[in-house]
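Worksheet: one structure, shown below.
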Ligand code: SF4
């Protein structure tokens, strides 16, 4: 039985791509790739199980950060380097294709569906730079694209592929019904990089912290971020769950790169300082805690500052500068 590797998000498009090739007698190895910025993830494992396909879940490597810093094809409306990201994912799929002896990689991409990464030249660039020339099939738009090698060899019947174009979901939902899909997966990309409101904090890190690594990028998903000076940022928890996450981040921080500031004798948010922590940064962190606290005695407000193996208790004071700081 011929095998195809499917780049699989769990969404409607990649689900249909799989069903189309299953109809042509292909065994499918689904590959779900996690970036640092997935937010409302579609449950790929459950979807793969309903489709009766094996699922491999992989995370992007540290080199994904280089791509985020210098995308060859630029960013979309947020800080989403979609074309480069798709190339990166297609390369990962190629490695799995070689490993399992598959003859093609399939995706749910649709010509013209997304302005950033699914125009005709984008699809061609993704194919060329991933090393998948002739072996990257988009079953939902294949009839509008050059035939792949498995089509030319007769392994895949081009007449039973589709020619969808654009953003309309109606025809896809109809196709899903024809395939008997009981649940129609949601259309969300689930990628925070596409959100305009998330972009400033990513841009800040990319432009101002050349040494930032995976820890710094993952931290972007939690709390309110304030740039205090070129060397240090404050991240303020917005609720108990975020405070707990920030504390875990603090414990995992690169040595000498973080401090943790929390209220000592009143109720308020925790602050993770990330970067080269100065006395001024600690003072501002205390002031930010006061800014987001409802009840405290201004004459008797104390914070606990943890840093490497040292813990100090310091008085917190309101600082006008901290009042004016705006979250990224
Ligand atoms: S939306 Fe996010 S995960 Fe999807 S291709 Fe763009 S950058 Fe990559």
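Residue numbers (the numbering used here): 50 to 377. Beta carbons are placed, not taken as given, at the ideal position from N, Cα and C, and that holds for glycine.
Residue 108 and residue 83 do touch by the CB rule: their CB atoms are close to 5 Å apart, below 8 Å. By the criterion of a C-beta distance shorter than 6 Å, residue 136 is surrounded in its chain by 175, 178 and 179, once the five residues flanking it on both sides are discounted. Per DSSP, residue 216 has no beta bridge partner at all. Secondary structure at residue 282: strand, using DSSP grouped into helix, strand and coil.
Under the criterion of beta carbons closer than 8 Å, residue 207 and residue 200 qualify as touching, at roughly 5 Å.
One thing to note: residue 160 has its Cβ within 8 Å of the Cβ of residue 190. Cβ-Cβ separation between residue 294 and residue 326: approximately 19 Å, too far for a contact (criterion under 8 Å). Under DSSP, residue 83 takes part in a beta bridge, and its partners are 108. Here residue 232 carries a coil assignment [DSSP, helix/strand/coil]. Apart from the 5 residues on each side of it in sequence, residue 286 sits with its Cβ closer than 7 Å to the Cβ of 272, 292, 295, 318 and 319 in its chain, given in chain order. Judged by DSSP in its simplified three-state form, residue 52 adopts strand. Residue 202 has no beta-bridge partner at all, per DSSP.
In the DSSP assignment, residue 255 falls within the unbroken alpha helix (DSSP H) covering 248 to 257. Spatial neighbours of residue 225 in its own chain (CB-CB distance under 7 Å, excluding positions within 5 residues in sequence) are listed in chain order as 61, 65 and 233.
Remark: fewer than three beta-carbon pairs, one from each stretch, lie closer than 8 Å, so the stretch 67 to 74 and the stretch 246 to 254 are not flagged as touching. Per DSSP, reduced to three states, the secondary structure at residue 159 is coil, with no helix or strand assignment. For residue 375, the distance from the CB to the nearest heavy atom of the ligand SF4 is not below 7 Å. Residue 77 is bridged by DSSP to 53.
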